[in-house]
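Numbering (my numbering), first residue to last: 240 to 979. So the structure is just underneath, and the comments pick up after that.
Here it is as structure tokens:
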């Protein structure tokens with residue numbers, strides 16, 4: 240199961256109802272603590288409700304009682320969202336609080352060291368924060384009392400801290416003419432030098448904040464301090480948020496110095512060996528301790544890491560902070576300001592304004608006969624079976640859940656699942672979001688294969704692989720992915736498709752693309768063979784652990800759209816008001832036409848690949864008069880100009896559409912001109928059906944899988960030892976669910 244608890248609503252979906260049961264809280268099963276939901280049944284005239292998970296008959300609380308109609312349903316069922324809708328939110332009383340809930344407090348930590356200033360990163364970060372709070376100038380910005388344009392909910396507050404060798408705090412009180420800086424120099428025992436004015440309402444203090452953000456780049460361009468004391472800054476930010484929880488948005492552009500200084504660990508000589516695993520984890524106890532304390536305090540950390548010129552930043556250690564707290568790392572491995580500033584600004588703005596919860600606990604409950612065997616994602620889980628502790632969770636994060644049998648399921652009954660997310664919302668309410676799912680149980684398994692969800696299966700396997708990188712070599716993980724593919728297809732062949740000729744490759748109808756996704760996983764930056772920097776590997780591993788299904792599918796198989804031969808109606812709404820999207824191409828160079836132009840989107844970046852013989856007219860239609868040759872285009876292009884031409888409008892509309900079907904990454908284009916730009920290597924890497932990324936082509940992969948299936952059916956296949964420790968999971972059934 241893949242759970243994306245705060246996923247944005249699709250157009251046309253109703254808002255999730257928020258229900259308040261006062262000080263008594265929502266009705267729950269006394270035995271297993273499942274929350275009231277549409278699948279619980281009422282008996283004895285409405286005085287008892289039977290839990291759909293553990294079948295325990297509970298007494299209906301007097302304040303919740305309603306009589307039953309002749310069909311056995313409550314007479315008020317239609318007026319009770321919790322008995323009608325699969326997902327609801329309950330505001331919860333004080334026994335569910337561990338701290339007094341307040342509006343989300345966001346603290347921006349800005350690297351003002353020499354590298355950050357010199358590379359233009361600092362300016363981009365300041366502009367990004369301003370965009371996040373007040374818009375980018377193309378829209379009306381929020382002012383005090385103007386609710387319609389607020390980008391943050393009422394009650395949310397922000398603070399700003401800068402750091403180089405020292406840590407600078409700013410008093411942003413609205414009554415000041417300008418922000419007051421206070422410097423904290425004690426890096427060994429960091430503290431917060433401000434008692435008030437650190438966190439303010441961004442709309443009351445708008446003039447103070449905008450003035451400060453516009454001055455920071457010029458002030459620190461005079462100082463040029465090469466050091467960047469990131470760990471003490473994080474520790475002082477923790478002190479500031481310890482009492483309330485909240486969110487940290489941290490920008491860095493050089494390897495940390497001072498206490499918790501990190502050194503160059505990258506060593507290409509150990510790539511592909513047992514020792515490579517050490518590069519994927521943090522050995523540094525100080526960083527581990529800070530990450531644990533942040534998660535415990537209910538603080539989520541989003542990191543923006545820029546590596547100008549591809550320098551090493553130890554993403555494994557620094558990114559451990561965002562990984563453990565449920566946050567996200569935005570990584571710019573070859574940061575070049577003229578090209579990447581727009582992407583940086585958009586992504587900071589998205590990270591700050593997306594729906595966010597903090598001080599989060601999560602638990603999944605399921606029917607008798609099933610048990611949760613593992614969770615996969617970015618969180619803290621102290622013991623097997625305990626609640627997941629997540630410092631902060633946002634709309635883009637998803638968690639994989641694996642179940643195992645601990646008894647027999649009755650085919651006459653359904654299997655029920657309930658995910659409960661206890662969190663504080665950005666406007667300061669303590670809530671539980673309950674997501675209820677029901678699935679039919681069948682004996683033969685044929686129905687299961689008919690309705691299997693390919694995206695969920697792929698995402699769970701990918702998340703499981705990403706969580707094993709500290710225990711297994713990449714070679715073993717790649718072999719394990721291959722073994723799983725063979726196991727699934729050979730199992731299907733044995734049980735469900737005996738009527739086909741023995742030598743035929745038979746794929747289940749709903750898993751037709753599954754083997755391609757598995758090959759893409761083997762070829763992904765996280766797991767591929769050959770040389771790959773540990774920073775990029777670790778970044779992709781953590782991303783995979785947090786992906787929802789939409790982002791995962793795009794990451795594993797990009798969308799490739801030919802721009803040079805679109806139909807006139809493509810890229811415009813059809814008669815139903817839906818944008819007409821041209822058909823995507825298979826990801827193979829054999830499909831690429833001479834003189835073509837292609838958009839390639841893998842959910843992380845959008846490339847515009849232009850063939851060396853591309854038509855000058857097409858270039859002028861896209862980029863404007865005078866841009867009729869590849870050499871005449873700027874390598875730093877990140878967006879298309881707004882022109883009156885039909886093709887320009889089509890492509891801009893497509894890019895706008897791309898921005899609605901992805902996760903946290905901004906849609907900005909990067910040029911990949913044939914024979915000219917380095918991004919052409921990335922384009923070749925994304926043609927996943929070809930032989931590349933140290934792995935075979937899709938055709939050869941299918942031949943290999945088919946051969947292994949035939950060997951399995953003949954009883955000759957040797958399975959590689961995957962070292963699964965499923966026995967340890969049996970002890971889970973004895974564990975009782977904690978209170979909430």
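We put the CB at the ideal spot given by N, CA and C, even for glycine. Everything numeric in this text was worked out from a predicted model, so none of it was measured.
query: Pairwise C-alpha distance: residue 808 and residue 802; result: 13 Å
query: 8 Å CB neighbourhood of residue 875 in its chain, flanking five on each side removed; result: 575, 577 and 578
query: Touching by the beta-carbon criterion (3+ pairs, under 8 Å), the segment 316-324 and the segment 630-642; result: no
query: Beta-carbon spacing of residue 597, residue 663 below 8 Å; result: yes
query: Which residues DSSP lists as bridging residue 445, in chain order; result: None; residue 445 has no bridge partner.
query: Beta-carbon proximity list for residue 513, same chain, < 7 Å, skipping 5 on both sides; result: 712
query: Neighbour-count burial assignment, residue 526, 16 or more Cβ in a 10 Å radius; result: buried
query: Residue 279 to residue 292 span [Cα, whole Å]; result: 9 Å
query: Residue 501 versus residue 466 - alpha carbon distance; result: 12 Å
query: Those residues which DSSP pairs with residue 909 across a bridge; result: 846
query: Assumed close pair residue 844, residue 857 - CB separation to whole angstroms, cut-off 8 Å; result: The pair is not a contact, with the Cβ atoms about 22 Å apart (cut-off 8 Å).
query: Residue 489 (DSSP reduced to helix, strand or coil); result: strand
query: Environment of residue 815 [buried if 16+ CB atoms lie within 10 Å]; result: exposed
query: Assigned exposure category for residue 462 - 16 Cβ within 10 Å defines buried; result: exposed
query: Continuous alpha helix (DSSP H) stretch holding residue 732: start and end; result: 713-735
query: Nearest residue (CA-CA) to residue 442, options 477, 426, 913 and 392; result: 392
query: Cβ-Cβ distance between residue 824 and residue 851 below 8 Å; result: no
query: Sequence ranges, beta strand (DSSP E) only - wholly within the segment 797-823, length at least 3; result: 798-801
query: Option nearest residue 877 by Cα separation, candidates 284, 582 and 266; result: 582
query: Proximity winner among 511, 749 and 731, relative to residue 692 (alpha-carbon distances); result: 749
query: Bridge partners - residue 596, DSSP secondary structure assignment; result: 632 and 664
query: Contact under 8 Å by Cβ, residue 343 with residue 485; result: yes
query: Limits of the beta strand (DSSP E) - the one that residue 461 falls within; result: Careful: residue 461 lies outside any beta strand (DSSP E) and carries neither H nor E.
query: Proximity below 8 Å, CB of residue 539 to CB of residue 562; result: no
query: Alpha-carbon to alpha-carbon, residue 412 and residue 433; result: 11 Å
query: Same chain, Cβ closer than 6 Å to residue 656, five either side skipped, listed in chain order; result: 605 and 676
query: Cβ pair residue 841, residue 896 closer than 8 Å; result: no
query: With 16 other Cβ atoms within 10 Å as the buried cut-off, status of residue 402; result: buried
query: Cutoff 6 Å; reference residue 255; Cβ partners in own chain excluding five residues on either side; result: 326 and 328
query: 8 Å Cβ shell around residue 648 - same chain, five flanking residues per side excluded; result: 606, 608, 609, 654 and 680
query: Alpha helix (DSSP H) runs contained entirely in the segment 338-397, provided each spans 4 or more residues; result: 353-357 and 360-373
query: Residue range of the unbroken beta strand (DSSP E) whose run includes residue 670; result: 669-678
query: Cβ of residue 664 within 8 Å of any chain B Cβ; result: Chain labels in this structure do not include chain B; a single protein chain is all it has.
query: Residue 336, buried or exposed, once every other Cβ within 10 Å from all chains shown has been counted against 16; result: exposed
query: Burial state of residue 928, where buried means 16 or more other Cβ atoms lie within 10 Å; result: buried
query: C-beta atoms of residue 400 and residue 348 nearer than 8 Å; result: yes
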